[in-house]
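*Asks:* Numbering (mature numbering (1 follows the signal peptide of the UniProt record, and there is no 0)), first residue to last: -22 to -1, 1 to 302.
Beta carbons: idealized from backbone N, C-alpha and C, even for Gly.
Since the structure is predicted, the reported quantities are computational estimates derived from the model, not experimental observations.
(1) Count the C-beta pairs between the segment 126 to 137 and the segment 14 to 31 that are closer than 8 Å, then say yes if the count reaches three, no if not.
(2) Within its chain, find whatever has a CB closer than 7 Å to the CB of residue 58; leave out the 5 residues flanking it on each side and keep chain order.
(3) Roughly how many angstroms lie between the CA atoms of residue 215 and residue 246, to the nearest whole one?
(4) For residue 2, which beta-bridge partners are listed by DSSP?
(5) How long is the line joining the alpha carbons of residue 289 and residue 301, rounded to whole angstroms?
(6) With a threshold of 16 other CB atoms inside 10 Å of the CB of residue 36, please say whether the residue is buried or exposed.
(7) Would you mind giving the Cβ-Cβ distance between residue 201 and residue 194, rounded to the nearest angstrom? I have them listed as a contact below 8 Å.
(8) Kindly give me the distance between the Cβ atoms of residue 240 and residue 233, rounded to whole angstroms, as I take these residues to be in contact under 8 Å.
(9) Using only the alpha-carbon positions, how far apart do residue 285 and residue 272 sit?
(10) With C-beta atoms as the reference, is residue 196 less than 8 Å away from residue 280?
(11) Just grab the DSSP bridge partners of residue 173 for me.
(12) Around the C-beta of residue -2, are 16 or more other C-beta atoms found within 10 angstroms, so that it is buried, or is it exposed?
(13) For residue -22, count neighbouring Cβ atoms within 10 angstroms of its own Cβ and tell me buried if that reaches 16, exposed if not.
(14) On the three-state DSSP scale, how would you describe residue 49?
(15) From the DSSP output, which residues share a beta bridge with residue 286?
(16) Pull the bridge partners of residue 221 from the DSSP assignment, please.
(17) Quick check: what's the CA-CA separation for residue 267 versus residue 237?
(18) Counting only beta-carbon atoms, is residue 179 nearer than 8 Å to chain B?
(19) Mind listing, in chain order, the continuous alpha helix (DSSP H) runs of no fewer than 4 residues lying wholly within the segment 74 to 157?
(20) Near residue 299, which residues of its chain fall below 8 Å by C-beta distance, leaving aside the five closest residues on each side in sequence?
(21) Does the segment 71 to 79 come close enough to the segment 149 to 160 that 3 or more CB-CB pairs lie under 8 Å?
(22) Tell me which residues share the same chain as residue 83 and place their Cβ nearer than 7 Å to its Cβ, disregarding the 5 neighbours each side in the sequence.
Given below as structure tokens:
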């Protein structure tokens, strides 16, 4: 599973690290490999032993999601589903993510669609050969796309058209952040920041709230915004990570309706009550475009966003928790 790290600040370089001499419990950090890279957990607690247990369980939760939902590990349930077109007795966590995916597809009229994997593969294959996917290649891949052709029940998951494949890269990391947050809270930890590529936080960093930077999608090393984490989760999607063309008009985010990348936005940052919501909505909003994304966010409880279009224009929803 390819990591989508768009937040500029990591656990080791938080904008909101505690001030020196602050009379707060110390920070404890842990990291592990998942989603093809390093994921991290930071907790603030007076009991170092309990902090280590909380970090251990949080990281184990993240790795369990990766093992279930990786499209690259042939032993994962998603890889087996893609290979066989059917999966018996799916894990409850996989079922939960598939149900969320279906609800998000319905909410966004198909702008979010986990069955776009053939379109992504067509674009990536063409890019590796130094070209763009042809209209014929996109048409062939689009014929395999359809979120409503995925049937999921506790007994089995079925892809109803031969050759269909799914990707949960737009949900799995957010879901992993939710499970990691649940794991640290089970140990009584009140203050934690979870980094799975998407971020979840609870409590504070000591002297101030947890804070993260949103990178400028066009200027490496520059921040477009600094965000105060307010108990919600945060995710960013952009056109600048896995690119299929130097002009960034073709990249890893695909509009299921056209078979190609959406043209308006360079990045979308979403804060939402859960990691899986923030993760999925950031992808969906890239496809929907600024006007429709902001209109939909205004109807969703606890959801705010910041959009940056390709010319660099920034738009924030009224409740977006940007630092002054």
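*Replies:* In short:
(1) By the Cβ test, the segment 126 to 137 is not in contact with the segment 14 to 31, since fewer than three Cβ pairs between them sit closer than 8 Å.
(2) Locating residue 58 in the chain shown gives position 80, where the first residue counts as 1. Correct list, in chain order: 65.
(3) Along the chain shown, read from residue 1 onward, the residue named residue 215 stands at position 237. Along the chain shown, read from residue 1 onward, the residue named residue 246 stands at position 268. Whole-angstrom Cα-Cα distance: 5 Å.
(4) Translated into the one-based positions of the chain shown, residue 2 becomes position 24. Bridge partners of residue 2: none, in fact.
(5) Here residue 289 corresponds to residue number 311 of the chain shown, with the count starting at 1. Here residue 301 corresponds to residue number 323 of the chain shown, with the count starting at 1. Answer to the nearest angstrom: the Cα atoms are 23 Å apart.
(6) One-based indexing of the chain shown puts residue 36 at position 58. By the 10 Å Cβ count, residue 36 comes out buried.
(7) Against the chain shown, residue 201 aligns to sequence position 223. Against the chain shown, residue 194 aligns to sequence position 216. With 8 Å as the limit, residue 201 and residue 194 qualify as a contact, their Cβ atoms being about 6 Å apart.
(8) Here residue 240 is taken as the residue at index 262 of the chain shown, counted from 1. Here residue 233 is taken as the residue at index 255 of the chain shown, counted from 1. Distance from residue 240 to residue 233 at the Cβ level is roughly 5 Å; contact confirmed, criterion being Cβ atoms closer than 8 Å.
(9) In the chain shown, the residue the question calls residue 285 occupies position 307. In the chain shown, the residue the question calls residue 272 occupies position 294. Approximately 9 Å between the Cα atoms of the pair.
(10) Taking the chain shown and counting its residues from 1, one reaches residue 196 at position 218. Taking the chain shown and counting its residues from 1, one reaches residue 280 at position 302. No, these two residues do not count as a Cβ contact at 8 Å.
(11) Locating residue 173 in the chain shown gives position 195, counting from the first residue. Per DSSP, 18 and 177.
(12) Taking the first residue of the chain shown as position 1, residue -2 is located at position 21. Summary for residue -2: the model assigns pLDDT 37, below 50, so the residue's position carries little reliability, and this model does not support an answer.
(13) Counting from 1 along the chain shown, the entry for residue -22 is found at position 1. The pLDDT assigned to residue -22 is 41, lower than 50, so where the model puts this residue is not dependable, and the model offers no usable value.
(14) Counting from one through the chain shown, the residue named residue 49 turns up at place 71. Correct three-state label for residue 49: coil.
(15) Here residue 286 is taken as the residue at index 308 of the chain shown, counted from 1. DSSP, once it has assigned bridges, lists 245 and 292 as partnering residue 286.
(16) Position 243 of the chain shown, counted from the start, is the residue given in the question as residue 221. Looking at the DSSP assignment, residue 221 forms a beta bridge with 229.
(17) Here residue 267 corresponds to residue number 289 of the chain shown, with the count starting at 1. Here residue 237 corresponds to residue number 259 of the chain shown, with the count starting at 1. Inter-residue distance for residue 267 and residue 237 is about 16 Å (C-alpha atoms, whole angstroms).
(18) In summary, chain B is missing from the structure at hand, where a single protein chain is found.
(19) Taken in chain order, the whole alpha helix (DSSP H) runs of length 4 or more contained in the segment 74 to 157 are 95 to 106 and 113 to 120.
(20) The residue given as residue 299 occupies position 321 in the chain shown. Cβ neighbours of residue 299 within its own chain (closer than 8 Å, five residues either side excluded): 205, 206, 207, 208, 210, 249 and 282.
(21) Per the Cβ contact rule, the segment 149 to 160 is in contact with the segment 71 to 79 (3 or more Cβ pairs under 8 Å).
(22) Numbered from its first residue, the chain shown carries residue 83 at position 105. Closer than 7 Å at the Cβ level, and outside the excluded window around residue 83, lie 90, 91 and 125.
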